[in-house]
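Residue numbers (the working numbering), protein chains in the order written: chain C, 1 to 299; chain S, 1 to 516.
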């Protein structure tokens with residue numbers, strides 16, 4: 001109607017696979033850097049995984065400096081941060097034993113009582129819980145990868161499953177690396193974001209694989225590289241559309257959804273971009289390792 | 001209206017209608033409605049309506065240690081009866097080893113002991129009797145402790161005036177609490193942090209050397225004062241009477257002593273209390289709460305009425321809280337708070353408002369985008385998208401799911417991802433339209449070809465969401481629920497509603513050719 005869809009031609013013919021070596025090098029570099037960052041700098045673990053205490057307050061005409069002064073005389077390990085706007089302040093305290101932490105929350109509240117309009121939130125995660133949460137997070141992500149692998153394996157041939165999991169692992173590591181560089185807080189919500197990214201990225205990959213499978217049946221004589229290229233091109237406009245609508249929703253969440261959800265939205269935005277990239281440039285080229293043809297002709 | 005069966009239109013339209021109707025209760029959101037229909041609204045999670053989430057851990061180690069102490073006491077009593085001397089007692093983490101001076105009667109002692117504690121493992125080795133707290137026995141202790149703790153916690157929370165609390169066992173030794181609308185979580189934590197084990201003991205004032213050496217003889221204990229750690233009392237280990245015999249306790253005010261807690265015993269307690277106070281006039285009676293002496297007044301006369309007051313340096317709140325604790329009863333073991341997440345009503349309301357804005361703006365952007373790209377077809381997809389949102393809301397409401405902040409994020413994300421199925425279909429239609437000219441055939445092929453892709457793509461997202469539900473906790477589960485419902489609803493709206501709308505549009509507009 002508005003003809004905007006003509007921007008992407010109905011039958012684009014872009015040689016994606018021709019660029020595969022460049023992007024492969026790029027991705028390997030990104031993964032190596034990510035692994036390096038994760039082992040050296042690590043992630044900015046939030047209290048879900050590090051344990052500790054967090055109190056969010058809204059203040060009346062009290063600067064963050066004043067609050068810091070009041071609290072730092074009693075607690076050496078306190079850190080304060082403005083959260084969204086200057087009247088909302090996050091107070092963080094490091095992990096102590098369960099009992100101590102509960103008492104700390106109480107005494108912190110008493111110390112700043114008259115400077116505060118509302119205690120908006122207080123969270124405490126004890127040392128045993130934080131390590132359990134971390135463990136369960138890892139469990140969830142690994143089981144998701146395995147379950148997806150199994151599903152793809154059942155629905156497609158196992159080679160596709162391999163390609164999908166390579167792409168997924170790439171997405172997860174790459175995203176974690178970026179979270180490390182950007183110092184985004186890593187929380188339970190981030191695990192949720194990563195799992196969703198895994199789901200999204202595989203969704204993207206599956207759509208292309210579906211087309212690869214269809215084309216393998218349709219064009220028996222076509223070179224594999226050309227066939228993969230054709231499949232990526234066939235699904236290109238869908239890949240772009242869906243990524244764009246998802247990104248539109250996520251950007252809206254990032255800007256308007258409030259401070260608490262922002263790290264989640266940011267992680268998702270990063271993941272959707274990486275997931276889309278990897279479907280085209282990692283998942284599909286990985287299939288080139290395998291020779292589909294001989295088996296196909298046996299059918 | 002070619003090829004479109006009536007039953008199919010009917011099904012699609014009624015499902016859409018149901019989706020819209022059942023979204024109404026959540027959209028109106030009348031908090032206190034008793035109306036059967038309006039009650040089917042979304043439950044707001046603690047992070048949206050404000051409240052406290054607490055995870056408590058029962059300190060079972062304390063109980064195990066107590067049980068080992070009981071073992072030792074019992075062995076001592078038995079061997080005293082049998083006139084056997086004990087050489088040495090060795091208490092380890094899991095077992096007690098008792099060495100006797102002669103091994104003649106060791107089997108008898110073992111048998112008597114076994115009569116008292118069935119289920120423990122006993123082993124004789126020469127003059128040594130080992131008593132082991134085995135796993136089965138631990139499990140019995142654990143289960144009964146958790147059961148009791150749950151009951152006591154429930155009573156305390158009820159007494160504190162929290163409405164609609166959720167209290168349940170979580171894992172082996174934890175108790176999970178969700179307390180909507182709690183404004184002062186610190187007070188609740190105080191209430192839960194105390195074991196509230198109340199006992200009355202006769203004070204031994206004669207044996208002064210025991211206190212000086214800080215070494216209690218058998219049958220006695222040394223207990224510090226509540227207000228001054230350096231003041232210590234030597235008490236009979238055996239309690240005269242305990243909190244389990246209380247039938248009532250309430251905060252009261254005494255002219256001379258200030259705020260106090262007045263209490264009343266049941267018949268058994270009153271009898272015991274009467275007897276002990278009659279026999280011990282002139283001695284002091286210590287009131288011990290959680291291992292410290294609150295007060296130890298002198299017994300000036302026999303108290304046979306079965307009631308009394310406990311005084312201490314209480315203020316009004318402390319006195320009434322102590323009364324609450326005494327009424328609810330003592331916890332079998334201390335509870336430790338291992339996780340707390342409390343959200344004030346203000347932040348919850350802000351989160352809802354922000355979530356709504358994000359959802360609406362996200363929706364508008366996606367709709368505009370779809371119309372720009374696909375024109376009329378985009379508009380049809382938008383109708384599906386809006387219905388999709390209604391269906392998610394009505395499903396959340398009718399299954400009684402809890403909407404959390406991450407849940408809202410899930411809805412916003414779904415808005416972006418839900419059009420995917422439509423996009424897949426439209427792209428297929430676009431391709432088909434290059435191959436042939438029959439409008440309805442193009443559409444039919446488009447839908448058919450997209451179908452398996454849509455299923456595959458969405459099932460993988462569902463797998464991730466289900467795992468998230470299995471491993472996630474609280475708010476994160478809220479996310480996996482909205483995401484799953486969103487995915488399911490989007491498959492329905494794309495494959496059925498969009499399909500219906502496209503057929504209707506093509507029939508009524510009487511399109512002879514299709515350009516996308």
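Here a beta-carbon is modelled for each residue, glycine too, at the ideal position from N, C-alpha and C.
As the structure is a computational prediction, the values presented were derived from the model and not from experiment.
By the three-class DSSP mapping on this structure, what secondary structure does residue i have?
i             : result
residue 73/S  : helix
residue 1/S   : With a pLDDT of 45 at residue 1/S, under the threshold of 50, the modelled position of this residue cannot be trusted, and the question is left open.
residue 344/S : coil
residue 254/S : strand
residue 222/C : coil
residue 91/C  : strand
residue 238/S : coil
residue 8/S   : helix
residue 196/S : coil
residue 438/S : coil
residue 81/C  : strand
residue 423/S : helix
residue 68/S  : helix
residue 91/S  : strand
residue 246/C : helix
residue 360/S : helix
residue 118/S : coil
residue 278/C : helix
residue 16/C  : coil
residue 208/S : helix
residue 450/S : helix
residue 220/S : strand
Could you name the residues that DSSP lists as bridge partners for residue i?
i             : result
residue 249/S : 263/S
residue 159/C : Bridge partners of residue 159/C: none, in fact.
residue 200/C : DSSP lists no partner for residue 200/C.
residue 168/S : 176/S
residue 402/S : 43/S
residue 130/S : 97/S and 123/S
Would you say residue i and residue j are within 8 Å of each other, going by their C-beta atoms?
i             : j             : result
residue 141/S : residue 67/S  : yes
residue 284/S : residue 297/S : yes
residue 71/S  : residue 87/S  : no
residue 169/C : residue 267/C : no
residue 273/S : residue 246/S : no
residue 4/S   : residue 503/S : yes
residue 457/S : residue 206/C : yes
residue 188/C : residue 144/C : no
residue 26/S  : residue 393/S : yes
residue 563/S : residue 286/S : It is not possible to answer for residue 563/S, since the shown part of chain S is limited to 1 through 516.
Could you check if residue i belongs to the surroundings of the ligand PLP, using beta carbon to heavy atom distance under 7 Å?
i             : result
residue 181/C : Of ligands this structure carries none, so the ligand PLP is not represented either.
Only counting the same chain, and skipping five residues up and downstream in sequence, which positions put a Cβ closer than 6 Å to that of residue i?
i             : result
residue 90/C  : 56, 81 and 83
residue 395/S : 485
residue 1/S   : Confidence is the limiting factor: at residue 1/S the pLDDT is only 45, short of 50, which leaves the residue's position unreliable and the question unanswerable from this model.
residue 85/S  : 101
residue 304/S : 274
residue 339/S : 55
residue 228/S : none
Note down, in chain order, each residue of its chain lying with its Cβ closer than 8 Å to the Cβ of residue i, except the 5 sequence neighbours on either side.
i             : result
residue 363/S : 385, 386, 389 and 415
residue 461/S : 417, 483 and 487
residue 155/S : 327, 328 and 329
residue 37/C  : 177, 180 and 181
residue 34/S  : none
residue 137/C : 49, 188 and 191
Give me, in chain order, the residues of the same chain whose beta-carbon lies closer than 7 Å to that of residue i; leave out the 5 immediate sequence neighbours on both sides.
i             : result
residue 211/S : 222, 232 and 234
residue 47/S  : 343, 348, 351, 404, 405 and 475
For this session: Check whether the stretch 114-134 of chain C touches the stretch 52-63 of chain C, counting contact only when three or more Cβ pairs, one atom from each stretch, lie closer than 8 Å.
Result: yes
Problem set entry | the stretch 186-197 of chain S contacting the stretch 333-353 of chain S, beta-carbon criterion three pairs below 8 Å | yes
Problem set entry | the stretch 398-418 of chain S / the stretch 464-482 of chain S touching (three or more Cβ pairs under 8 Å) | yes
For this session: Assess, as a yes-or-no matter, whether the stretch 252-259 of chain S is touched by the stretch 304-316 of chain S under the definition of 3 or more beta carbon pairs within less than 8 Å.
Result: yes
Exercise. So, do the stretch 22-39 of chain C and the stretch 225-234 of chain C have three or more beta carbon pairs nearer to each other than 8 Å?
Worked result: no
Exercise. Should the stretch 120-127 of chain S be called in touch with the stretch 148-163 of chain S, which here means at least 3 C-beta pairs below 8 Å?
Worked result: no
Exercise. With contact counted as at least three CB pairs below 8 Å, one residue from each stretch, are the stretch 257-271 of chain C and the stretch 435-447 of chain S in contact?
Worked result: no
Exercise. Counting Cβ pairs, one atom from each stretch, are 3 or more of them under 8 Å apart for the stretch 239-249 of chain C and the stretch 190-210 of chain C?
Worked result: yes
Exercise. Is the stretch 159-166 of chain C in contact with the stretch 272-283 of chain C, if contact means three or more CB pairs nearer than 8 Å?
Worked result: yes
For this session: Spell out a yes or no on whether the stretch 38-45 of chain S and the stretch 15-30 of chain S are touching, meaning 3 or more CB-CB pairs, one atom from each, closer than 8 Å.
Result: yes
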